[in-house]
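Colleague: Can you read through this structure? Questions will come right after.
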Amino acid sequence: MIDVFSYVPAIVLLPFFSFLIALGVGKYLPKGGAFGGIAATAGSFLLSLWVLATVAGGEAANRTLYTWASAGGIGPTDVELSFGILVDPLSALMLVIVTLVSLLVHVFSLGYMNDEGETGLPRYYAGLGLFSASMLGFVVADNLLMAFMFFELVGLCSYLLIGFHFREPGPPSAAKKAFLVTRFGDYFFLIGVVAVIATFGTAQFAGTESFPALAEAALAGEGSVAWTPGGLELQTWLTVVGLLVLGGVVGKSAQFPLHTWLPDAMEGPTPVSALIHAATMVAAGVYLVARMYGFYALTPTTLAVIAFIGGFTALFAATMGVVKDELKQVLAYSTISQYGYMMLALGAGGYVAAVFHLTTHAFFKALLFLGAGAVIIAMHHNEDMWDMGGLKSKMPVTYYTFLAGSLALAGIFPFAGFWSKDEILYEALVHGLNDPLLLGGYLMGLLAVPVTAFYTFRMVFLTFHGEPRTETARDPESVRWNVKGPLTVLGVLAVVTGFINMVPVQKVLGLEGIDLLHLWLDNEWGGIEGLSSHHYGDIGPYSSGYLVGGEVGTVLVGAAVSLGLALTGLLVAWRLYNVPSPTEHTAKLGGIKDVLYNNYYLDELQVWLAYRTEDVAGGANTFDQGIIDGVVNGVSSVSLFGGSRVRRLQSGVVSQYATLLTLGLVALLLALGVTGGWFL
Amino acid sequence: MIEALIGFTFVAALLVLLAPDEWAGRLAFAFSLLPFVGSMYLWSGFDGAGNALTGGDIAYATQIEWLEVGGRTVSWFVGVDGISLPLVVLTTFLVPLAIVSAWTPIDARQSQFYGLMLFMEANLLGVFTALDFFLWFVFWEAVLVPMYFLIGIWGGPRRKYAAIKFFVYTNAASLLMFIGFMSLTFALGDSASSFALPEITGAIADGGLGTWFGISPDRIAMVAFLAMFLGFAVKVPIVPFHTWLPDAHVEAPTPVSVLLAGVLLKMGTYALLRFNFTMLPDQASALAIPIGAIAVISVIYGAMLALAQKDLKRIVAYSSVSSMGYVILGLIVFTEYGVGGATFQMVAHGLISGLMFMAVGVIYNATHTRMVGDMSGMADRMPVAVGIFVAGAFGYMGLPLMAGFAGEFFIFVGSFSAPALPYAPIFTALAMFGIVIVAGYLLSAMQSTLFGPFELETDYDVGPAPFHDVAPLAVLLVAIIVLGVAPDIFFEMIRDAAVPVVEGVTIDG
Amino acid sequence: MVNTLPQVAALLPVFLLAFTGLALLLVDTITPDARSNTSMAVVGALGSLAALAASVWLVVSGTGSADTGGAITLFAEAIKVDTMALFFTAIFASVTALVVVAAHDYFHDHESPAAFYSLVVFAATGMALLAAANSLAVLFVALEMVSLPSYVLVAYLKRNRGSVEAGMKYFLVGALSSAIFLFGISLVYAATGSLLLSDVAEGIGSLDGLAGVAGLGIVMIVGGVAFKTASVPFHFWAPEAYEGAPAPVSAFLSSASKAAGFVIAFRLFTEAFPVGASLAAGIDWVLAFGILAAVTMTLGNFAAAVQEEVKRMLAYSSIGHAGYVLIGVAALSQDGGANGAVMGAAMAHLLVYGFMNTGAFLFVAMAERWGVGRTFEDYAGLARRAPVASTAMAVFMFSLAGLPPFAGFFSKYFLFMGAIDNGFLWLAAFGAVNSVVSLYYYSRVVKALFIDDPASSSSLDAIDVRPTGLYAAVVFAAVATVLLLPGFGPVIETAEAAASALF
Amino acid sequence: MTAVASSIPPEWYLLLAAAVFCIGLFGVLTRSDALYFLMSVELMMNAANINFVAFALYYGDLTGQVFALFVIALAAAEVAIGIGIILVLYRNFGVTDVTVPTEMRW
């Protein structure tokens, strides 16, 4: 029996090699090295499936593979910094998702990039490869430091890919913004990592010596941590650490207030957007929280904050999505909003729900983006929905798959999104009944449901329904297999993924064993001690409360409400936009319209902050040149001036010399005479 | 072995000085490879353990009495330990690359230029290997001479001003340091009979300091510490003694900037570690808070200044000030990871800043301007060079798996919970914010110069950079990544030598 | 084997110099025309080199040193040959040799160069005698034997207004100073009743109520020393004399003559007026020298920093160096552990200074020979046309500034070190500040030679000749300046031994 | 020693010498003519001679007196050289006023 886990590094390295190949010899390869990437990701995908199967077979792995920095003292304790792999149900699942999406994106890129005659393809595929590699490395990371490192690399790749069209002014600045904003979040994350290492002497995720385990023990009074900053309550300190790490999550997962980079990131090629939003960069944040959920579950405050941020972001982003005109912009805001849901779930103790939504969202959001890509190809890279319309008949495959994705996004039964979103709201509700802050999160999440449905179908109708509004829309460019293939795969997944976790059905009909994901994440088929959803539930702060009719009743009510709201939103969109020639209705919003168009002026705010910082820098520079350097140069000029005075003594008249000489001698005589007391 | 290394480099400098200009560059490169091979040999056979100053086993040690003055012997005493060897390797590694990077820009009086470069290398090697104060001081001061010429003759428009400023400012600092060290030595009285650093360190550690002309030992130690600290602070440089650095960098030709930022700055931090923090650890920890504050200020203030610059070289120069702040932070916390990380950061920053200056130089060779406003879209014309530039910039921003991150992270981990530095977490967190600002200015600079549509103020037709311009960049990049992926190749020996330094300090309370 | 020789052999160098002087007069009378320039130079050079060899040999063989039976006294103790005397004789001889060799080219078109050589050599003889003087009488006579030829040498170019003006000023200030010096001696004689240094020392030990008289005398003697060493406030002659005099003469005065002044100080203030006794008698001449040292180095360096003419800058810089060397006397203290170290460092500095400063002035001589002009601007770009000489000049400048790898580095830093060792931190601090300033103006010369571009393409055409003698002297001085760094051991150890023997 | 000498206390000699010295110094400081300058210096030297002779008598040894003779000789030599220099000075500047030549200063 060969040990599959020893091949896990290969999952990471295969895309990395494709990166090297594409970068090195890509321009000599057909399709600019695309096939290398496809082969690599396909290989990783197959390996991931194998790993998944193995984990399902009850095995798991938590291994240290490589010592990065040998052991040394950091004051309170000694630490050793290492790399390793942690393969448990969660990471196995994530591996499959990432590799699959990345594979499909590679394939799709053949249509989107190569067929469109883009230049710099080797750079593109190299970027994709490195991107996948970094994300996979992040997924299998067995400790927080390694996770942070690959987290950062993911950021780099997003920078490279968003700024792919570097010859235009837009993409580079968008790339810069993406990196900077996430860097700002990562600043706190880095402090968090250092704090964790300093506090526990380890950054391991799993095992009895892992920092969640140590924290748990310490809080239970069964152990102690290596260090806490002067006189700080352990609980408080752990909360602080949790929030610090959360900074990185907020940045990467584009949560309020660090979400501003994501819409701009649409400057990147559409397949990249699909990759970023569905499976890699943005997902990384949420995945991180899930990965170290055993730690977060210990700090209720952090959980509440997460939940509230999540709920708020869900609603907040959804509202902005309502007024956007570009296809990808709408999707961008929908992404932010959806990740808000996941955060809500995590904050609400719905660990499984979050992972569930992460999974479904990965598929239907990838689907939507690729679909949007197909439309963009068809529309000759015009993204304005008001120039589209009536594409339904011209590109059926795209339409139906896109529709499936939209239904999932809107959370319409029985599509994938419904199940996951519904479970999130359910968790938030039952736990929120005993926790007002959480309940607030739930309500915001609930409010976001109709809005989501509305903008989703506004998008669908404007794009595919009604009369074509432009020439290109009348005669769109056709797309080939390499576009349709991925769409179909993802379309199917968007429909069926939900069935892996039909909790409501299970609860109502009492069918045991159909909530597969729950069982999966609960180590039903094996996993790693301390990383099961039950364990999280046990250490978590929440207790469940129910509405009328106990659990089942609550399930039904919750599901009904959310579905109802979704349908309402859908219908409004139908009424307004599913007409031959739809018109702008944003005017109805009045003043709010501008606010929404301008994203609540948050970008302006951040730009303003940036400029103020530059002003401060300018001030510092003036100070430096004027005062500090002025002093330095001042000293020299003063000395020279002194010299020019001194030399004047030398008047050139010899009898004055005689005089000065005599005076000097007399002065010396007096000095010594007085000190020596001769004249007494 | 070491004396052979240094001696050969001196001879090579002389030969190159006499060589005809046409092939002085090639000859210098050929010669400079030998010291590199030599340092590799030193590394391969390295058997040192512990810290050279605190009685550890010194590798390749030679001690020959030179002369006796004031009842104390001055000797030719060289050797390496885990702290100095990486810096020796760094020096011998950077010099050949710098020489190659000079082939394009240096078009006059080549033989003198390359001769002086090698002469400087020899002295730098001496600085990092000397274990006798006067021997060390000879090399330390001798570095100024070639630097003065290199900036003054081949520099930019304000080269004379920059050269004399560098020359006088750093020399003043050395004199201050000299007085401080001497009063320390003589306060030791008869408990030290030579100027050998290990002996002096040992004598101080054994409480050899006596009352000296009515001044109590503690006062002497503190005064000496301050004098030496100020002296080295100029060389490092630490805010507010940094103003010579931007001028020197901007005026110096690219290869000289490479060595200036890559190695010369490390002389200051190396000396701080050797003298202030190894010989007088208790004084250091007594001043932990002010020094920590200076470190943080250097980081943030330097980064802010870099943010305000328009000249690419100035940007990198100020960011060096910022990076040196990290090193100081790592030293003052007195933990293995802190001190080790600081030393590692010296090497890492040497490579990265070298790469950045070279990259800027390559662009300058093609465009004859370094002003951010004067160009854009360079990536369109010189893709490879720009690609490496970008990679290097990310290295500077502390991208994981590149050397810079390793150094900075070690320092942060080492300092965050350090007992020696009160409020360590706050200091560390503040210093960490540098990684955001550095990303800010480097990304902005890259966006406006490298990306966007190609434009250029000066009328030069820009093509891909010649091979011998790009090759050093590539080599450096590889080195940076290797060090970032496997920092232990240096960090282990560094840590081994840092342990005694850490144990040397007594933390009150 | 030295012991087998009669004791008087210890004066061999002095005799050699004296004979050389006489021989020069002889040669001059045999061939009294300008062509004799070469032969005179050869004779002078050989004579001074012989003296150098003799003194070095005597030092090496330990004549007069503590471990071979101590100093050799002759002529009823009026003469005392010890290591210090021989050490300084070596300095004088080597400087003389350099100057004589260089002068050959400098005076190539002078109508009567002959007298120059004999004057220089006689002055050197006086210096050598001065170094061995053990009685105030011999000391004064020897001093005048140094001074009188010097006046003439400065004014040697009698058709050159500068030279004459310089000579006049030097002479007047000199005459005044020697009068003061003499009166000081007379007062000391009045107070102690003897001119022999050892007896004077005893007298200082037992002054009853005559402390004032002795003190007055000692301060006046300090004045005389200050004149010879060109220290404040008796320095006024120096800038003019060095600027106006023929460059070789400036070299001679600023190196050898200055050293002679210091040998007086070292001799008198260790053997005639020992620190302990003087302080006990309330005569704190250490303080006096401290003040002089601080003021002198400050004035010299700061004034030098703002000069336009290289030669005058060197003149002021030589005042500044007088200030440094004065530390050797000013940093003495009663039973101070490092008295020998600091005075020895001062002697070593004078030796090194003899090479680097002489070399620098000889480079100026070469520039005057070329006729390129006197200011920094005129020196711009000389390195293009005269790389070897310019490199040598750069060596001198950096060495004077105290930078490695040149001998000036060690001598200066050991001097500061000695001061610190004896607890005179403030003197070391003064020295530090001043050497920073000096770095500025010395590097101005290097900048002019190597970095600046010539004023015009034709401005370098003046460099048409390669004066062999000057080149030889300059290069030799440069090589010595470099080699004295690795080879500093014997120098400093001899000097320290010599100095320690005095306490 | 003779009665006259012994009857006069040594302090008086000191005072006399000091007076002569100061007269000479006064001349040096006030007269700008080279020859007067020279003569004043002579006075100062002779003041020293007074001390030597007087205290030689006082201490009863001859060194002082002998040295005085040396000094006289040296003074003569000094004057000789002085005159020579004043001569070339007159040749070049046409004056014997020492305050006139001030081409070199600062």
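Chains as they are written, first to last, in our numbering: chain A, 1 to 680; chain B, 681 to 1189; chain C, 1190 to 1692; chain D, 1693 to 1798. A virtual CB, placed ideally from N, CA and C, is assigned to each residue, including glycine.
#1: For residue 1156/C versus residue 1617/C, is the C-beta distance shorter than 7 Å?
#2: Should the stretch 1236-1249 of chain C be called in touch with the stretch 1281-1289 of chain C, which here means at least 3 C-beta pairs below 8 Å?
#3: Leaving aside the five residues before and after residue 434/A along the sequence, list all residues of the same chain whose C-beta is less than 7 Å from its C-beta, in chain order.
#4: Got a sec: which bits of the stretch 629-663 of chain A sit with their beta carbon under 7 Å from any beta carbon on chain C, in order along the chain?
#5: So is residue 669/A in contact with chain C if we call contact Cβ pairs under 7 Å?
#6: Return the first residue and the last residue of the alpha helix (DSSP H) that residue 983/B is part of.
#7: So if I threshold CB-CB distances at 7 Å, which residues from the stretch 694-710 of chain B count as touching chain C?
#8: Give me the residue from 1481/C, 1394/C and 1614/C with the minimum Cα distance to residue 1464/C.
#9: For residue 1754/D, count neighbouring Cβ atoms within 10 angstroms of its own Cβ and tell me buried if that reaches 16, exposed if not.
#10: Pair every Cβ in the stretch 1635-1647 of chain C with every Cβ in the stretch 885-895 of chain B, then say whether three or more of these pairs are closer than 8 Å.
#11: Give the residues from the stretch 828-844 of chain B that approach chain C closer than 8 Å (Cβ to any Cβ), ordered along the chain.
#12: Determine the direct distance from the alpha carbon of residue 1249/C to that of residue 1191/C, and round the result to whole angstroms.
#13: So what does residue 66/A bridge to, in DSSP terms?
#14: If you follow the alpha helix (DSSP H) that residue 53/A is in, where does it begin and where does it stop?
#15: Specify whether the stretch 308-320 of chain A and the stretch 445-455 of chain A touch according to this definition: at least 3 beta carbon pairs, one from each stretch, less than 8 Å apart.
#16: Does DSSP put residue 769/B in a helix, in a strand, or in coil?
#17: Which runs of the alpha helix (DSSP H) fall wholly inside the stretch 1311-1390 of chain C and span at least 4 residues, in chain order?
#18: Compare the C-beta of residue 1447/C against all C-beta atoms of chain A and say whether one is closer than 7 Å.
#19: How many Å lie between residue 1602/C and residue 1181/B at the Cα?
#20: Would residue 1143/B be called buried (16 or more neighbouring beta carbons within 10 Å of its own) or exposed?
#21: Thinking C-alpha only, which one of 947/B, 960/B and 954/B is nearest residue 902/B?
#22: For a quick check, are the C-beta atoms of residue 1014/B and residue 956/B less than 7 Å apart?
#23: Would residue 1425/C pass as an interface residue toward chain A - the criterion being a Cβ-Cβ separation below 7 Å?
#24: As a quick exercise: from 118/A, 37/A, 35/A and 140/A, pick the residue whose alpha carbon is nearest that of residue 64/A.
#25: According to the Cβ coordinates, are residue 1680/C and residue 1540/C closer than 7 Å?
#26: Hey, quick one: how far does the alpha helix (DSSP H) through residue 879/B stretch, first residue to last?
#27: Just by C-beta distance, which residues in the stretch 1428-1439 of chain C are closer than 7 Å to chain D?
#28: Could you confirm whether any beta carbon from chain C is found closer than 7 Å to the beta carbon of residue 1715/D?
#29: Taking only three categories from DSSP, how would you classify residue 1617/C?
#30: For a minimum of 3 consecutive residues, which ranges assigned as the beta strand (DSSP E) are wholly contained in the stretch 245-296 of chain A?
#31: May I ask you to list, following chain order, the residues of the stretch 846-877 of chain B that have a beta carbon less than 8 Å from some beta carbon of chain C?
#32: Spatial neighbours of residue 1706/D within its chain, please: CB distance less than 6 Å, with the 5 preceding and 5 following residues excluded, ordered by chain position.
#33: CB-CB under 8 Å to residue 1654/C, same chain, minus the five flanking residues each way: which ones, in chain order?
#34: When burial is assigned at 16 or more other CB atoms within 10 Å of the CB, is residue 851/B buried or exposed?
#35: Suppose the cutoff is 7 Å on Cβ atoms and the five residues either side in sequence are ignored; what does the same chain contact list for residue 1052/B look like?
Modeller: Taking the coordinates as given:
#1: Nothing can be reported for residue 1156/C, as the shown portion of chain C is limited to 1190 through 1692.
#2: yes
#3: As a first step, residue 434/A must be located in the first sequence, where it is residue number 434. Excluding residues within five positions, the ones whose Cβ falls inside 7 Å are 543 and 545.
#4: 639, 640, 642, 643, 644, 646, 647, 650, 654, 657, 658, 660 and 661
#5: Position 669 of the first sequence, counting from 1, holds the residue named residue 669/A. Answer yes: the Cβ-Cβ gap between residue 669/A and chain C drops below 7 Å somewhere.
#6: Within the second sequence, the letter at position 303 stands for residue 983/B. Counting along the chain, the alpha helix (DSSP H) containing residue 983/B begins and ends at 968-988.
#7: none
#8: The residue you call residue 1464/C lines up with position 275 of the third sequence. Among 1481/C, 1394/C and 1614/C, the Cα nearest to that of residue 1464/C belongs to 1394/C.
#9: For the purposes of this step, residue 1754/D is identified with residue 62 of the fourth sequence, where counting begins at 1. Flag for residue 1754/D reads exposed.
#10: no
#11: 828, 829, 832, 833, 839, 840, 843 and 844
#12: The residue given as residue 1191/C occupies position 2 in the third sequence. The residue given as residue 1249/C occupies position 60 in the third sequence. No answer about residue 1191/C holds up, because its pLDDT of 49 lies below 50 and its placement is not dependable.
#13: Here residue 66/A corresponds to residue number 66 of the first sequence, with the count starting at 1. 83/A, per the DSSP bridge assignment.
#14: Translated into positions along the first sequence, residue 53/A becomes position 53. Counting along the chain, the alpha helix (DSSP H) containing residue 53/A begins and ends at 34-56.
#15: yes
#16: As a working mapping, residue 769/B is identified with position 89 in the second sequence. Correct three-state label for residue 769/B: helix.
#17: 1325-1343 and 1350-1381
#18: On the third sequence, position 258 is the one that residue 1447/C refers to. No, residue 1447/C does not count as interfacial toward chain A.
#19: Taking the third sequence and counting its residues from 1, one reaches residue 1602/C at position 413. Taking the second sequence and counting its residues from 1, one reaches residue 1181/B at position 501. Their backbone Cα atoms lie some 29 Å apart in a straight line.
#20: On the second sequence, residue 1143/B is found 463 positions in, with the first residue counted as 1. With fewer than 16 Cβ atoms within 10 Å of its Cβ, residue 1143/B is classed as exposed.
#21: The residue given as residue 902/B occupies position 222 in the second sequence. If we check each option's Cα against that of residue 902/B, 960/B comes out closest.
#22: Within the second sequence, the letter at position 334 stands for residue 1014/B. Within the second sequence, the letter at position 276 stands for residue 956/B. Going by C-beta atoms, residue 1014/B is not nearer than 7 Å to residue 956/B.
#23: One-based indexing of the third sequence puts residue 1425/C at position 236. Yes, residue 1425/C lies at the interface with chain A (some Cβ there is under 7 Å from its Cβ).
#24: Counted from its first residue, the first sequence places residue 64/A at position 64. Ranking 118/A, 37/A, 35/A and 140/A by Cα distance to residue 64/A puts 140/A first.
#25: Within the third sequence, numbered from 1, the residue matching residue 1680/C stands at position 491. Within the third sequence, numbered from 1, the residue matching residue 1540/C stands at position 351. For residue 1680/C and residue 1540/C, yes; Cβs fall inside 7 Å.
#26: As a working note, residue 879/B is residue 199 in the second sequence. That run of the alpha helix (DSSP H) goes 877-885.
#27: 1429, 1432 and 1433
#28: Taking the fourth sequence and counting its residues from 1, the one referred to as residue 1715/D is at position 23. Output row for residue 1715/D: interface = no.
#29: Reading the third sequence from its first residue, position 428 is the one you call residue 1617/C. DSSP places residue 1617/C in helix when its eight states are reduced to three.
#30: none
#31: 847, 848, 851, 852, 855, 856, 858, 859, 862, 863 and 866
#32: For this step, residue 1706/D is matched to residue 14 along the fourth sequence. Cβ neighbours of residue 1706/D beyond the five flanking positions: none.
#33: Looking up residue 1654/C in the third sequence gives position 465. Closer than 8 Å at the Cβ level, and outside the excluded window around residue 1654/C, lie 1558 and 1559.
#34: If you number the second sequence from 1, residue 851/B lands on position 171. So residue 851/B counts as buried.
#35: Counting from one through the second sequence, the residue named residue 1052/B turns up at place 372. Counting only Cβ-Cβ distances below 7 Å, and skipping sequence neighbours, we find 990, 992, 1125, 1128 and 1129.
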